[in-house]
Amino acid sequence: MRDSRYIITGLIVFVVLLTFPLWSNAGKAASPPQPNLDTPAIQNLEQKQCVEATEYMRADHMQLLEDWRNQVVREGKRIYVAANGKEYEMSLENSCFECHSSKTQFCDQCHNYLDVEPDCWTCHLEPKEP
Amino acid sequence: METSRRNFLKAGGACLLGLSLWPAVRVLAGDGPDVKADAGALKGKRWGLVIDMRKCWPQYQQGCRDCMLACRREHNIPVIDNKDEEVKWLWTEPYKNAFPEQEHAYTPAAIADKPFLVACNHCDNPPCVRVCPTKATFKRPDGIVTMDYHRCLGCRYCMAACPYGARSFNFQDPRPFIKEENLDYPTREKGVVEKCNFCAERLDKGQQPACVEACRVGALIFGDLDDPNSEVRKILAERNTIRRKPELGTHPSIYYLV
Amino acid sequence: MLVKALSGSKKYWGWITVLLALSGAGLACYLWQLQQGLTITGMSRDVSWGLYIGQFTFLVGVAASAVMVVLPYYLHNVKVFGRITILGEFLAVAAIIMCLLFVIVDLGKPMRLFNMIFYPTPNSILFWDMVVLNGYLLLNIIVGWHALEAEYKGVAPPSWTRYLVYISIPWAVSIHTVTAFLYAGLPGRHYWLTAIMAARFLASAFASGPALLILLCYIIKRVSKFDPGREAIQKLAAIVTYATIISVFFVGLELFTAFYSQVPAHGMDSLTYLFVGLEGHGKLVPWMWTFVVLAVLALVLLINPVTRGKDGYLLLACGAVFIAMWIEKGIGLVIGGFVPNAFERVTEYIPTLPEALIALGIWAAGFLILTILYKIAIAVKEETV
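Chains as they are written, first to last, in the working numbering: chain A, 7 to 136; chain B, -12 to 245; chain C, 17 to 401.
Laid out in structure tokens, this is it:
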């Protein structure tokens, strides 16, 4: 063990670095997102429901959006028939943002909380917030 | 249960075959009842454009740029001054540059000095589609050569393949160069190629391309080249038209009346 | 065996440090490019491929040329190449890694690289280039490593590697053929639209690759106890001679077809731009004439058996061949193809400093890999001498 000094120092540095995220964030609980759903368009809805059930949208909106994108861009099909028979234009700008007119409320809060960075906004223009 | 090696391999082969059929099954099963085309969408088998330059020029000389401005507004096209990094969908080129192989020393001055509108030719046999390694550039069943900007790698192979200089690359973030934003249509981002899409997004909703709609003298005539009764076909049957670089076998869908 | 790369002289570590520093500088520039976009390069709407794709094209040739030591040894039993096949294979490994890096730094959206695998597109030549290049990389790593391991242990290499060697021979030809097809199949790029493109690529590859290998052999001889052998080097020199003659002949064919037919659409405009300038633009003219002078010098020194047999002249000739082919293929061919543009206008291209540093960084990274692989191989060979 003639190099024990170096080995032990190296090990300590390694362990400290490895556990860095744990102890640097200790005691700091991130507050869960509480998006404000109050937009004029939503207020005017008779039945307050998105294109599909809320639970489905919460869990699978990314899959739905990807399907929409492929249908519109690649197949030229632009109309979505929801489970309840209602028809919607498959468009982020012209459908989603009608109701979800606040990106900070509807997108950023949860995405920041979960630390995901969808790259929608490099091309799609976010709605102008009032 | 006893099974011979032979039977095992057979069963395995059948399973593999089944897996390989899966994409076909999905295609045959259709995309489900939950998506469809807009009932009012314009339907065509091969969209084409006739550009009547003789109608255009008098207006152009008086400063009319309506088609190009409409295109720029519709699609959030950035205005970049640096010639090397320009993004162009619809623009003009002098006759000798647009039709280099047809120009000669004695070309009538009425043509030689005139600007010609140029854009993606939506070739029937598009080299850009052939070379794209991800199918980001593809041809729709209605003949439009369009792009899936979500998929483009930015390898620029399509730019090398296009003989018409119709493709532009986003060398930088285009957002700061967009003069007026159309919130109904996305922009592009740094690192992808882009070009004219014959306003596929408008056709799918039953509208004419933005440039065609904007032209005040009807110099742009859009229609289905596959339909003998369409207006474009009637013009092509009656008058002599030219296309850019027909010798390359790309079969452009833009025709010029001069 | 990897551990052998960790013990070396001061000079070895100095060289490694230099290469690491250059790679680091290239990486820093690349991070800047990622953030700013390809606007930091000299490429444009009209010349949409530049230094990166030029280097890629040239290096595919260097990689393919490993076959020039492998084929004579395995198919014609040229025993003297037995000692250096490993050098050829490891050169191929380093060159292919450089190729892949050059393609990646050229992408506008490198994070989407795997779209090529998620959406495989067999009608795209680039898809096939990815397949053959990665296959060739794998073949050379497996074959080279097993051969070296066998040498280390003093046994014969596993017999199955022999089949991989046989596969690697046509495979080497395929990587450069497919790379030539990237260019030769495009309508409207007259300079590239030539049926002999793949043949030209192979000829210049078999000149530049073995020339580099000869230079490397001399370096190895000086810095180690391993001697690749004079006979092997002279055999390689003969290969370089023939390949250079054929390569220059092919360039001559292009010039004849273009200028005797006088058809502008047979590359006349591009060749005019390259060799004398077009419409007042001629930034590549000095480069192309450097190519001509170096190629002639190399041919004189190589064809004459007296000079070819002398170390000093042979080194000079190989250096000249390597640089000449680098200019012709790595610069002239790619950029020349974009001039004039689709509207018969001339847009010139000059790489920017960060672009050049990124390219240099990749070369340094490649040589770092090559140095480490050669260090291991030579350490093994020194032990068995």
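Ideal Cβ placement from N, Cα and C applies to all residues, glycine included. Values in this document were obtained by computation on a predicted structure and should not be read as measured data.
For chain B, the residues of the region 38 to 55 of chain C that bring a beta carbon within less than 7 Å of one of its beta carbons are Q52, G53, L54, T55, in chain order. Contact annotation: the region 324 to 342 of chain C touches the region 242 to 253 of chain C, with at least three C-beta pairs closer than 8 Å.
B:I229 carries a strand assignment under DSSP once its states are collapsed to helix, strand and coil. For B:K126, there is no enclosing alpha helix (DSSP H); the enclosing beta strand (DSSP E) covers residues 124 to 126. Per DSSP, reduced to three states, the secondary structure at C:Y90 is helical.
By the Cβ-count criterion, C:M341 is buried, with 16 or more other Cβ atoms from all chains shown falling within 10 Å of its own Cβ. Judged by DSSP in its simplified three-state form, B:D39 adopts strand. B:I208: member of the beta strand (DSSP E) spanning 207 to 211, first to last residue.
Only those residues of the region 131 to 149 of chain C whose C-beta falls short of 7 Å from the nearest C-beta of chain B are listed: N131, M132, Y135, T137, N139, S140, I141, L142, F143. In this structure, C:G245 places its C-beta atom within 8 Å of the C-beta atom of C:V96. Taking all protein chains in view, the Cβ of A:K54 is surrounded by fewer than 16 other Cβ atoms within 10 Å, so the residue is classified as exposed. In its chain, beyond the 5 residues on either side, V256, A259, T260, S263, V337, M341 have a beta carbon closer than 6 Å to the beta carbon of C:A223. Non-local beta-carbon contacts of B:K182 in its own chain, meaning distances under 6 Å to residues more than five positions away in sequence, involve C107, A153, R154 in chain order.
When CB distances to chain B are screened at a threshold of 8 Å, the residues of the region 351 to 379 of chain C falling below it are G353, F354, N357, A358, F359, E360, R361, T363, in chain order.
Inclusion of C:M304 and C:G348 in the CB contact set at 8 Å is warranted, their separation being smaller than that value. By the 16-neighbour rule on beta-carbons within 10 angstroms, A:D121 is exposed. At a cut-off of 8 Å between C-beta atoms, B:T174 counts as an interface residue with respect to chain A. Here DSSP, grouped into helix, strand and coil, assigns C:L294 to strand.
Around the beta carbon of C:L300, a 10 Å sphere encloses 16 or more other beta carbons of the protein chains shown; the residue is thus reported as buried. Within chain B, the residues R143, M146, A147, F156 have their CB atoms less than 7 Å from the CB of C:S64, given in chain order. Residue pairing for A:E93: DSSP places it in a beta bridge opposite A:V87.
Annotation for C:P356: D285, V362 place their beta carbon closer than 6 Å to its own, counting only its chain and skipping 5 residues before and after. Along the region 109 to 127 of chain A, there is no position whose C-beta sits under 7 Å from a C-beta of chain B.
What C:L116 touches in chain B, judged by beta-carbon distance under 8 Å, is nothing: the nearest beta carbon there is about 13 Å away. The alpha carbon of C:F359 has as its nearest neighbour, out of C:S23, C:W65, C:T57, C:G204, the alpha carbon of C:G204. For B:E80, the uninterrupted beta strand (DSSP E) run begins and ends at 77 to 81, by DSSP. In the pairwise beta carbon analysis, the region 204 to 224 of chain B is classified as touching the region 38 to 48 of chain B: at least three pairs are separated by under 8 Å. With a threshold of 16 other beta carbon atoms within 10 Å, B:A187 meets it and is buried. Shortest Cα-Cα distance from B:A123 to any of C:I319, C:H162, C:Y135 involves C:Y135. Here the region 132 to 143 of chain B does not lie against the region 95 to 105 of chain B, with fewer than 3 beta-carbon pairs under 8 Å apart.
If you keep only unbroken alpha helix (DSSP H) runs of at least 4 residues inside the region 47 to 122 of chain B, you get 53 to 62, 82 to 85, 96 to 99, 114 to 118.
Going by DSSP, C:Y276 is part of no beta strand (DSSP E) but of the alpha helix (DSSP H) stretching over 246 to 277. With fewer than 16 other beta carbons inside 10 angstroms of its own, A:W29 counts as exposed. Put simply, the backbone Cα of B:A97 is about 32 Å away from that of B:P65. Ranked by Cα distance from A:N100, the options A:V78, A:G16, A:P124 are led by A:V78.
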